[in-house]
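Residue numbers (the numbering used here): 2 to 224.
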């Protein structure tokens, strides 16, 4: 059955949710939602409709995959909140370990893994579909704006914690952070030379020997 979630009336939604709803998690909280496909662009975006309050940047766990709400959600419509979600196909590991530069060693270890949307276009308006092709070797990374991504932003200006990131065996350096779309952070990166100590297997950039690292990767962002 083809359903337009943006035209479902008040009296119909509860029946629709019970009959066609799917179990999901919104920011790690269990709920149900009706999910349908879109034809907006080349992305595998989907419509979501749920009685649980939504906002842009919310993390959605749907059928074992990570998604983010990318559209603005202003007010509750009828009996549900409606939005557009996009799959976060990449799990990127951000190294926030503290370095002791004079001794070329690490003082402490902190590696965060978070689900990210990686794209070669820059969305000027996620709701409007306006895009600009980025330069060669440049990527835009979208993730939820929260304490973890704010810590990554702080490491961008802290030489004792700043590291590059690794995506598909290529190393990328930070170019800037954009918080203009409330709820989401956009991280602009550009490909750079692969460092000798970069761990391509585990997707982690290191600057010094890390023999004392215990291998623990913090994925609590979406656990």
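Note that the Cβ used here is the ideal one computed from N, Cα and C, for glycine as well.
So, is residue i buried or exposed, given that buried needs 16 or more other C-beta atoms within 10 angstroms?
i: residue 187; result: buried
i: residue 222; result: buried
i: residue 83; result: buried
i: residue 66; result: exposed
i: residue 104; result: exposed
i: residue 59; result: buried
i: residue 86; result: buried
i: residue 18; result: buried
Could you name the residues of the same chain whose beta carbon sits closer than 8 angstroms to that of residue i, not counting the 5 residues immediately before and after it, in chain order?
i: residue 13; result: none
i: residue 139; result: 121, 176, 189, 190, 191 and 192
i: residue 30; result: 53
i: residue 152; result: 97 and 113
i: residue 184; result: 56, 57, 58, 59, 70, 145 and 146
i: residue 28; result: 59 and 60
Can you give the Cα-Cα distance for residue i and residue j, rounded to whole angstroms?
i: residue 209; j: residue 154; result: 21 angstroms
i: residue 119; j: residue 89; result: 8 angstroms
i: residue 33; j: residue 117; result: 23 angstroms
i: residue 109; j: residue 99; result: 5 angstroms
i: residue 24; j: residue 62; result: 9 angstroms
i: residue 22; j: residue 35; result: 5 angstroms
i: residue 204; j: residue 20; result: 42 angstroms
i: residue 102; j: residue 160; result: 9 angstroms
i: residue 15; j: residue 46; result: 24 angstroms
i: residue 48; j: residue 142; result: 21 angstroms
i: residue 26; j: residue 38; result: 18 angstroms
Tell me which residues share the same chain as residue i and place their Cβ nearer than 7 angstroms to its Cβ, disregarding the 5 neighbours each side in the sequence.
i: residue 177; result: 189
i: residue 165; result: 172, 173, 174, 193 and 206
i: residue 157; result: 163, 175 and 178
State the DSSP-derived secondary structure class of residue i, mapped to helix, strand or coil.
i: residue 200; result: strand
i: residue 62; result: strand
i: residue 53; result: coil
i: residue 144; result: strand
i: residue 218; result: coil
i: residue 101; result: strand
i: residue 168; result: strand
i: residue 16; result: helix
i: residue 24; result: strand
i: residue 180; result: coil
Suppose the cutoff is 6 angstroms on Cβ atoms and the five residues either side in sequence are ignored; what does the same chain contact list for residue i look like?
i: residue 1; result: In this structure the chain extends from 2 to 224, so residue 1 is not present and cannot be described.
i: residue 150; result: 144 and 186
i: residue 111; result: 97 and 98
Name the one or two DSSP bridge partners that residue i has.
i: residue 163; result: Looking at the DSSP assignment, residue 163 forms no beta bridge with any residue, so it has no partner.
i: residue 116; result: 92
i: residue 151; result: Answer is none; residue 151 lacks a bridge partner.
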